[in-house]
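One structure below.
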Amino acid sequence: MSAFTHHGPWSARSRSNPALHFIEKYLSTIDSFPQTSSSPPPSSTFFSPFATYHDTKGSVHLTGSQIWTYLLTQLSPFSSIRHEIVEFRSLIDEDGRDIVYGETIGHFRLRSEGEGGEEISCPRFFVWTLGMPGQEGEGWGERVCYDCRVFWDTGVLGRYVTERKREERRREEKEVGRRVEVKRVKRA
Numbered sequence: 084m085s086a087f088t089h090h091g092p093w094s095a096r097s098r099s100n101p102a103l104h105f106i107e108k109y110l111s112t113i114d115s116f117p118q119t120s121s122s123p124p125p126s127s128t129f130f131s132p133f134a135t136y137h138d139t140k141g142s143v144h145l146t147g148s149q150i151w152t153y154l155l156t157q158l159s160p161f162s163s164i165r166h167e168i169v170e171f172r173s174l175i176d177e178d179g180r181d182i183v184y185g186e187t188i189g190h191f192r193l194r195s196e197g198e199g200g201e202e203i204s205c206p207r208f209f210v211w212t213l214g215m216p217g218q219e220g221e222g223w224g225e226r227v228c229y230d231c232r233v234f235w236d237t238g239v240l241g242r243y244v245t246e247r248k249r250e251e252r253r254r255e256e257k258e259v260g261r262r263v264e265v266k267r268v269k270r271a
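Letter by letter, the sequence shown follows residues 84 to 271 of our numbering.
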């Protein structure tokens, strides 16, 4: 079993592998959701009607349309998302399906932070099982996702939000303290 390995940004070489070209299109679509006002493509562009998606918390989402709805909900708090490619490896399993292992650094910006907000970065690891579409109009580039597993520390985002709230509270308390001190000085 031979593996096709790719490091760094997408390139003509990575696009020569149909499975990686599919993943590039998928991640580009995910990354563009927050910035676009147009409606997303149908779930069948990427997911089989019988697809399974395993999220990082261990929950399993079934059917392409339910997976797509779940993903759109998960992406809604972000004003921008960018997947920086670290490494991808594509193998063919005994059934002729592509198994793609992908490591990225996800860069997220929260809507509540505005455009100038800080980017939150964390490693993400994916395992995709891709195959040929089963129906007309399904898939992209002669591939469709039958199974996806994603692993990442979602707590990175939670810790960031918690720390930002603490900083904001400290600034507010400091400002209140400054105002009280100014009033004391004026009275004296």
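Yeah, the Cβ is synthetic: ideal placement off N, Cα and C, and Gly gets one too. In this text the structure is predicted, and so the values were computed from the model without any measurement.
Take residue i as the anchor and find which of the options has the nearest alpha-carbon.
i    : options                : result
D236 : S204, G222, S126, D230 : S204
F191 : R172, R180, E167       : E167
K140 : Q157, F161, A95, T128  : Q157
Y229 : W211, E219, L240       : W211
F208 : R172, P124, E264, V143 : R172
L154 : P101, P124, V239, R194 : P124
V244 : S162, Q149, S195, V169 : S195
S94  : I164, L145, I106       : I106
R226 : F234, V233, E264, G217 : G217
T187 : R165, S159, R232, R180 : R165
G238 : E246, E250, A86        : E246
Would you report the Cα separation of residue i and residue j, rounded to the nearest angstrom?
i    : j    : result
S131 : T112 : 17 angstroms
D178 : L213 : 11 angstroms
G224 : P117 : 24 angstroms
W151 : V268 : 60 angstroms
R96  : G185 : 16 angstroms
G199 : F129 : 32 angstroms
S127 : P206 : 27 angstroms
S115 : R261 : 44 angstroms
F161 : L145 : 24 angstroms
S99  : Q149 : 31 angstroms
E201 : E219 : 43 angstroms
H89  : F234 : 20 angstroms
Would DSSP call residue i helix, strand or coil?
i    : result
D138 : coil
F105 : helix
E258 : helix
F116 : helix
G214 : strand
S122 : coil
Can you name the start and end residues of the beta strand (DSSP E) that residue i belongs to?
i    : result
T187 : 181-193
F87  : 87-90
D230 : 227-235
Under DSSP, the alpha helix (DSSP H) around residue i begins and ends at which residues?
i    : result
T156 : 147-158
R96  : 95-98
Who are residue i's beta bridge partners in DSSP?
i    : result
P206 : I188
V169 : DSSP output for V169 lists no bridge partner at all.
F133 : F133 is not bridged to any residue.
V143 : H137
S163 : R192
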